[in-house]
Amino acid sequence: MSIDIPQVTLNNGVQMPILGFGVYQIPAEQTEQAVADALAAGYRLLDTAAAYGNEEAVGRAILKSGIPREELFVTTKLWVQDTGEENTQRAFDASLERLGLDYLDLYLIHQPFGDVYGSWRAMERLNREGRVRAIGVSNFHPDRLVDLIEHHDVTPAVNQIETHPFFQRTADQEIMRERGVQIESWGPFAEGRNNLFSDPVLTEIGAGYGKSVAQVVLRWLVQRGVVVIPKSVRAERMAQNIDVFDFALTDEQMARIAGMDTGASLFFDHRDPAMVSRISSVRIHD
Ligand SMILES: NC(=O)c1ccc[n+]([C@@H]2O[C@H](COP(=O)([O-])OP(=O)(O)OC[C@H]3O[C@@H](n4cnc5c(N)ncnc54)[C@H](OP(=O)(O)O)[C@@H]3O)[C@@H](O)[C@H]2O)c1
Numbered sequence: 004m005s006i007d008i009p010q011v012t013l014n015n016g017v018q019m020p021i022l023g024f025g026v027y028q029i030p031a032e033q034t035e036q037a038v039a040d041a042l043a044a045g046y047r048l049l050d051t052a053a054a055y056g057n058e059e060a061v062g063r064a065i066l067k068s069g070i071p072r073e074e075l076f077v078t079t080k081l082w083v084q085d086t087g088e089e090n091t092q093r094a095f096d097a098s099l100e101r102l103g104l105d106y107l108d109l110y111l112i113h114q115p116f117g118d119v120y121g122s123w124r125a126m127e128r129l130n131r132e133g134r135v136r137a138i139g140v141s142n143f144h145p146d147r148l149v150d151l152i153e154h155h156d157v158t159p160a161v162n163q164i165e166t167h168p169f170f171q172r173t174a175d176q177e178i179m180r181e182r183g184v185q186i187e188s189w190g191p192f193a194e195g196r197n198n199l200f201s202d203p204v205l206t207e208i209g210a211g212y213g214k215s216v217a218q219v220v221l222r223w224l225v226q227r228g229v230v231v232i233p234k235s236v237r238a239e240r241m242a243q244n245i246d247v248f249d250f251a252l253t254d255e256q257m258a259r260i261a262g263m264d265t266g267a268s269l270f271f272d273h274r275d276p277a278m279v280s281r282i283s284s285v286r287i288h289d
């Protein structure tokens, strides 16, 4: 299988595929097979996190695939519990060991909570040492992102945030563009919420190209310059989700989808104090 996946160039010159494979909520015992199937379908960007509990399975699939390391782009994330300068160094080493890798392509601060300043200093060092090719953040609203940028040497290469037809983040994307931060979508299908997969507008647009709703959504995101990492455990959907580079939406179709934005999260707001407490209390190890 060879689908040519376009790349984006990050602010430090590193190239990143615009479409990859996410493994959130794939149980560890299913992850090796899912990643093996995704690699066979042509995905080369893999997105995991220490908090997903499946880094080891991702690592096994990478090893068994025999794909040269430099052809892959592997992302993992630092959990809140491990923020702070020394903790981050330790958590990074532990993630690399679980993945069975000797360097990472992208390391993200998973949530904008805890000692993210200490973490960022450790990540800047790891980046300088060549142990991670690019560093970034996730779930940062523009105010937190700009604050981090203003007070450090290295600007995050990526901010991975909830982005889908019901929560489009165009204003946030513009601020990131001005600052040189690549937007990456999590939950491109909103995990199917709001009946996304049977949405009439997306269905009608897809019918004109012989494409599914999922393909229209991914095409709309990549056409906006958003990196996408759809998740599926089914090989036929993996093949479908990567097959979005042989058609283009018109300006009118892009505008119709823009009309679906509600401007609000379908999951939770990272500025809600109750959520800050809840997420901060999640522990992933002793
Ligand atoms: N940084 C963060 O805080 C954060 C948060 C959430 C997610 N993420 C990352 O973003 C990735 C993607 O987000 P997500 O997994 O939350 O949700 P998603 O990709 O929006 O949706 C996944 C759901 O859509 C279904 N699906 C996939 N392809 C489909 C298709 N072609 N047709 C119909 N249904 C389809 C999947 O079911 P099947 O598996 O049964 O096919 C699954 O239920 C994650 O895996 C993770 O890597 C990051």
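Under our numbering, the first residue of the sequence shown is numbered 4, with each subsequent residue one higher.
Ideal Cβ positions, reconstructed from N, Cα and C, are used throughout, including at glycine.
Return yes when the Cβ of residue j is within less than 9 angstroms of the Cβ of residue i, no when it is not.
i	j	result
Val11	Gly228	yes
Pro233	Gly25	yes
Gln114	Arg286	no
Val230	Val161	yes
Val216	Leu199	yes
Val77	Leu104	yes
Ser268	Glu165	yes
Ala64	Ala39	yes
Trp223	Met257	yes
Thr86	Gly121	yes
Gln171	Asp289	no
Report the partner residues of residue i according to the DSSP bridge assignment.
i	result
Thr79	Tyr110
Glu88	Paired residues: none, contrary to the question.
Ile138	Tyr110
Ile164	Ser188
Pro203	Per DSSP, none; premise fails for Pro203.
Should residue i go down as buried or exposed, given a rule of 16 or more other Cβ atoms within 10 Å for buried?
i	result
Thr51	buried
Glu73	exposed
Ala44	buried
Tyr106	exposed
Lys214	buried
Asn15	exposed
Gly266	exposed
Asp7	exposed
Arg237	exposed
Ala125	buried
Ser188	buried
Arg131	exposed
Gln277	Gln is not the amino acid found at residue 277; the sequence shown has Ala there. Ala277 comes out exposed.
Pro20	buried
Arg196	exposed
Ala174	exposed
Ser284	exposed
Arg281	exposed
Thr91	buried
Gly262	exposed
Excluding five sequence neighbours on each side, which residues of the same chain lie with their C-beta closer than 7 angstroms to the C-beta of residue i?
i	result
Arg128	none
Arg147	Pro115
His144	His273 and Arg274
Thr79	Thr51, Ala52, Ala53, Glu58, Ser98, Leu102, Leu107 and Tyr110
Tyr55	Val26 and Tyr27
Leu66	Gly103
Report all residues from its chain with a CB closer than 6 angstroms to the CB of residue i; omit the five preceding and five following residues, and keep chain order.
i	result
Asp108	Phe76, Val77 and Arg136
Val157	Glu127
Phe250	Tyr212
Leu205	Val216 and Val219
Ala41	Phe24 and Met241
Trp123	His155
State yes or no: is the C-beta of residue i nearer than 8 angstroms to some heavy atom of ligand 2?
i	result
Glu58	Questions concerning ligand 2 fall outside what the structure shown contains, since the ligands it does hold are ligand 1.
Quick one: residues in its chain with C-beta nearer than 8 angstroms to the C-beta of residue i, no 5 flanking neighbours on either side, listed in chain order?
i	result
Gly209	Ser215, Val216, Gln218 and Val219
Glu32	Ala60
Leu221	Leu22, Pro191, Val231, Pro233, Asn244 and Val247
Arg292	Limits of the chain in this structure are 4 at one end and 289 at the other, which puts residue 292 out of reach.
Gly62	Arg101, Leu102, Gly103 and Leu104
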